[in-house]
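Chemist: Per this note's numbering: the sequence shown ends with 501, consecutive numbering throughout. Note that beta-carbon positions come from the ideal geometry of N, C-alpha and C, so glycine has one too. Shown below is the structure under consideration.
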Amino acid sequence: MTVSAPGPSSTDLLALAVDAAVEAGTLLGFREGRVSVAATKSSPTDVVTEMDRRAEELIRTRIGAARPADAILGEEGGQTGDAPVRWVIDPLDGTINYLYGLHDWAVSIAAEVAGVIVAGVVNVPSRGEIFSATLGGGAWLNSGGGAGAGVVPIGRDRVPLRCRPAVPLAQALVATGFGYQAARRKVQGEVVAALLPQVRDIRRGGVAAVDLCSVAAGRLDGYYERGLNYWDYAAGGLIAAEAGAVVGGLGGAPASTSMTIAAGPALFGALAAVLAGLDAERDA
């Protein structure tokens, strides 16, 4: 009888993800002067900086040195390898914020085992905060590194995260984001204009991973966005879910590029119903 070796533990994967996210955050924090655009993607406003590429290369190198057989999916470098363990990387979520010198941007890394996300970390260096979670192990916030410090040791000032208790839709603070293509932005503007009178207020931070972590931390009641990529919500979605939020799409679908919603259990249904009624998954 052959006994297969046990797979990696989610805590071990998380530790590696945190190390890589901290190193990338430190690299990104040492910006000198203005950051220039290296390339564009889906539209002239959807940009990539050289720092996006450098941060992803650092993360790939760090993970590859520790676990060379694993697959990696990164925003800038695409998919490499094919293995049961896959890393999902957004090396710089909030590139436009970073380009303009705004504070909120993040490094997001998730680890999948057999297609299931089991660990995730979102490092927000400008806040000196690291959000993390393991599947079934809860979600946590580490702080104390100081704004812009880049390094926040795990175990220091570590507090568990829980999403906000139930609030009615009319009292909910909801975040969203917008795509880069004009036709989609037009529809998203129509949707948010119709939603705004039905909620407490709307926030638009420009960093999906941070918005999802803000739901986990109780800083937002809910969040929704159409057009996210997998690396935008892989880590943040796990963190929100482990903090007690429901993370999904419309009509019982999972979170996806079509629609990602995160909110406390009591609010999720109401928010999803309004979005469905507004046909929020349509494009112009």
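From residue 498 to residue 475, what does the alpha carbon distance come to, in whole angstroms?
Modeler: For the purposes of this step, residue 498 is taken as the residue at position 281 of the sequence shown. For the purposes of this step, residue 475 is taken as the residue at position 258 of the sequence shown. Each residue's Cα considered, the two are about 6 Å apart.
Chemist: What separation, rounded to the nearest whole angstrom, lies between the Cα atoms of residue 309 and residue 382?
Modeler: Within the sequence shown, residue 309 is the residue found at index 92, counting from 1. Within the sequence shown, residue 382 is the residue found at index 165, counting from 1. Straight-line Cα distance between these residues: approximately 31 Å.
Chemist: Based on DSSP bridge pairs, tell me the residues matched to residue 310.
Modeler: Residue mapping note: residue 310 aligns to position 93 of the sequence shown, counting from 1. 323.
Chemist: Closest by CA to residue 442, which one among 435, 434, 423 and 458?
Modeler: By one-based count along the sequence shown, residue 442 stands at place 225. Residue 423 is the option with its Cα nearest to residue 442.
Chemist: Pull up the distance between the alpha-carbon of residue 444 and that of residue 452, whole angstroms please.
Modeler: The residue labelled residue 444 in the question sits at position 227 within the sequence shown. The residue labelled residue 452 in the question sits at position 235 within the sequence shown. Rounded to the nearest angstrom, the two C-alpha atoms are 16 Å apart.
Chemist: Taking the Cβ atom as the reference point for each residue, do residue 393 and residue 317 lie within a distance shorter than 8 Å?
Modeler: Stepping through the sequence shown from its first residue, residue 393 is reached at position 176. Stepping through the sequence shown from its first residue, residue 317 is reached at position 100. Their beta carbons are not under 8 Å apart, which means residue 393 does not touch residue 317 by this criterion.
Chemist: Please name the residue or residues paired with residue 296 in a DSSP beta bridge.
Modeler: On the sequence shown, position 79 is the one that residue 296 refers to. Answer is 290, bridged to residue 296.
Chemist: CB of residue 316 to nearest heavy atom of the ligand ADP: below 7 Å?
Modeler: For the structure depicted, the ligand ADP is absent and the ligand set is empty, with no information on it obtainable.
Chemist: Suppose only complete runs of 3+ residues qualify. What are the beta strand (DSSP E) ranges in the stretch 405-460, listed by chain order?
Modeler: Runs found: 418-420 and 439-442.
Chemist: What number of angstroms, rounded off, separates the C-alpha of residue 492 from the C-alpha of residue 342?
Modeler: Your numbering for residue 492 matches position 275 in the sequence shown. Your numbering for residue 342 matches position 125 in the sequence shown. The straight-line gap from Cα to Cα measures roughly 33 Å.
Chemist: If you draw a straight line from the C-alpha of residue 327 to the C-alpha of residue 391, how long is it?
Modeler: Residue mapping note: residue 327 aligns to position 110 of the sequence shown, counting from 1. Residue mapping note: residue 391 aligns to position 174 of the sequence shown, counting from 1. Computed Cα separation, rounded: 24 Å.
Chemist: Quick check: the Cα distance between residue 431 and residue 346, rounded to an integer number of angstroms?
Modeler: Counted from its first residue, the sequence shown places residue 431 at position 214. Counted from its first residue, the sequence shown places residue 346 at position 129. The straight-line gap from Cα to Cα measures roughly 11 Å.
Chemist: Which residues in the same chain have their Cβ closer than 8 Å to the Cβ of residue 228, if we skip the five residues on either side of it in sequence?
Modeler: By one-based count along the sequence shown, residue 228 stands at place 11. If we look at residue 228 and ignore the five residues flanking it on each side, its Cβ neighbours are 336, 351 and 354.
Chemist: With H, G and I counted as helix, E and B as strand and the rest as coil, what does DSSP make of residue 375?
Modeler: In the sequence shown, counting from the first residue as 1, residue 375 sits at position 158. DSSP places residue 375 in strand when its eight states are reduced to three.
Chemist: Whole angstroms are fine: how far does the CA of residue 500 sit from the CA of residue 435?
Modeler: Locating residue 435 in the sequence shown gives position 218, counting from the first residue. Locating residue 500 in the sequence shown gives position 283, counting from the first residue. The alpha-carbon atoms of residue 435 and residue 500 are separated by roughly 31 Å.
Chemist: If you compare alpha carbons, which of 395, 238 and 406 is closest to residue 425?
Modeler: By one-based count along the sequence shown, residue 425 stands at place 208. The shortest Cα separation from residue 425 among 395, 238 and 406 belongs to 395.
Chemist: If we ignore side chains and look at the alpha-carbon of each, how far apart do residue 419 and residue 427 end up?
Modeler: Position 202 of the sequence shown, counted from the start, is the residue given in the question as residue 419. Position 210 of the sequence shown, counted from the start, is the residue given in the question as residue 427. Distance between the alpha carbons of residue 419 and residue 427: 15 Å.
Chemist: Going straight from the alpha carbon of residue 411 to that of residue 305, what length do you get?
Modeler: Numbered from its first residue, the sequence shown carries residue 411 at position 194. Numbered from its first residue, the sequence shown carries residue 305 at position 88. When rounded, the distance between both Cα atoms is 34 Å.
Chemist: Considering only residues of the same chain and omitting the five flanking positions on each side of residue 339, which have a CB-CB separation below 6 Å?
Modeler: On the sequence shown, position 122 is the one that residue 339 refers to. 323, 325, 348, 426, 430, 452 and 453, listed in sequence order.
Chemist: Roughly how many angstroms separate the alpha carbons of residue 367 and residue 450, rounded to a whole number?
Modeler: Counting from one through the sequence shown, the residue named residue 367 turns up at place 150. Counting from one through the sequence shown, the residue named residue 450 turns up at place 233. Low per-residue confidence applies at residue 367: pLDDT is 40, beneath 50, and the placement is therefore not dependable, though the value from the model is reported in the following sentence. Answer to the nearest angstrom: the Cα atoms are 21 Å apart.
Chemist: So what's residue 303 in DSSP terms, helix, strand or just coil?
Modeler: The sequence position of residue 303 within the sequence shown is 86, counting from 1. If DSSP states are grouped into helix, strand and coil, residue 303 belongs with the strands.
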